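Residue numbers (the working numbering): 290 to 456. Think of the CB as a built atom: it goes at the ideal place given N, C-alpha and C, for glycine as much as any other residue. As the structure is a prediction and not an experimental result, all values here were calculated from the model. Single-structure report; data block below.
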């Protein structure tokens, strides 16, 4: 049986993954298909590259690292792509990856969350794997949001339905 702390950790991680998914979905709704592979400069990534990267990272850390599936990630290809996928294709793939990752996290027991394993050259516990994916997804969601806002001169209204001044 898991401790209340493990259950709360999983619940909060799932909440944050779902929050980043909601924000990415909103940004993609505003982004025109023609801008999907546009880069701010050669040192930066397009939204298309970031979506590929988020999927690759999540599959490596959660599906393979926490869930025990084979690690088939090809990280360099995530950044090298200059097209080849539509917005709908990338979104469907990421949405499925997130749903599968959430299921793996939801069912990760306490021994799995505490067990240390090597992923991408790092020795991390299951907790560390989940923390990394949550912060990594949030970080790149912010990059996606910024770039879409820059391209479209639009407020994405992430919290339009929330009173953020509530105490």
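Three-pair Cβ contact test at 8 angstroms for the stretch 398 to 412 versus the stretch 337 to 355: Taking a contact to require three or more Cβ pairs closer than 8 angstroms, the stretch 398 to 412 and the stretch 337 to 355 qualify as touching.
Under 6 angstroms Cβ to Cβ from residue 319, same chain only, skipping five residues before and after it: list those, please. As a working mapping, residue 319 is identified with position 30 in the chain shown. Counting only Cβ-Cβ distances below 6 angstroms, and skipping sequence neighbours, we find 437, 441 and 443.
Check whether the stretch 362 to 381 and the stretch 329 to 337 touch, using three or more Cβ-Cβ pairs below 8 angstroms as the test. Yes: at least three Cβ pairs fall under 8 angstroms.
How is the alpha helix (DSSP H) around residue 304 delimited, first residue to last? Here the question's residue 304 lines up with position 15 in the chain shown. Per DSSP, residue 304 belongs to the alpha helix (DSSP H) from 293 to 319.
Beta-carbon spacing of residue 431, residue 393 below 8 angstroms: The residue labelled residue 431 in the question sits at position 142 within the chain shown. The residue labelled residue 393 in the question sits at position 104 within the chain shown. No, the pair does not count as a contact, with Cβ atoms beyond the cut-off.
Can you give the beta carbon distance from residue 416 to residue 298, rounded, assuming they're within the 8 angstroms contact cut? Taking the first residue of the chain shown as position 1, residue 416 is located at position 127. Taking the first residue of the chain shown as position 1, residue 298 is located at position 9. About 7 angstroms separates the two Cβ atoms, so the contact holds.
CB of residue 403 within 8 angstroms of CB of residue 343, strictly: In the chain shown, counting from the first residue as 1, residue 403 sits at position 114. In the chain shown, counting from the first residue as 1, residue 343 sits at position 54. No. Outside cutoff.
Cutoff 8 angstroms; reference residue 311; Cβ partners in own chain excluding five residues on either side: Position 22 of the chain shown, counting from 1, holds the residue named residue 311. Correct list, in chain order: 447.
Spatial neighbours of residue 399 in its chain, beta-carbon cut-off 6 angstroms, leaving aside the 5 residues before and after: As a first step, residue 399 is located in the chain shown; it is residue number 110 there, counting from the start. Only residues of its own chain outside the window of five on either side were considered, and among them 291 and 295 have a CB closer than 6 angstroms to the CB of residue 399, listed in chain order.
Bridge partners of residue 411, per DSSP? Counting from 1 along the chain shown, the entry for residue 411 is found at position 122. Beta-bridge partners of residue 411 (DSSP): 408.
Could you give the distance in angstroms between the alpha-carbon of residue 421 and the alpha-carbon of residue 429? Counting from 1 along the chain shown, the entry for residue 421 is found at position 132. Counting from 1 along the chain shown, the entry for residue 429 is found at position 140. Computed Cα separation, rounded: 12 angstroms.
Run the CB neighbour count on residue 302, radius 10 Å, all protein chains shown included, and call it buried at 16 or more, exposed below. To locate residue 302, count along the chain shown from 1; it is residue 13. Of the residues assessed, residue 302 falls on the buried side of the cut-off, its CB having 16 or more other CB atoms within 10 angstroms.
C-alpha gap between residue 326 and residue 293, whole angstroms: Here residue 326 refers to the residue found at position 37 of the chain shown. Here residue 293 refers to the residue found at position 4 of the chain shown. Rounded to the nearest whole angstrom, the C-alpha separation of residue 326 and residue 293 is 44 angstroms.
Using alpha carbons as the reference points, say which of 387, 451, 455 and 456 lies closest to residue 345. For the purposes of this step, residue 345 is taken as the residue at position 56 of the chain shown. When only C-alpha atoms are compared, the closest one is 387.
Roughly how many whole angstroms lie between the Cα atoms of residue 453 and residue 426? What you label residue 453 is simply residue 164 of the chain shown in a count that begins at 1. What you label residue 426 is simply residue 137 of the chain shown in a count that begins at 1. The straight-line gap from Cα to Cα measures roughly 22 angstroms.
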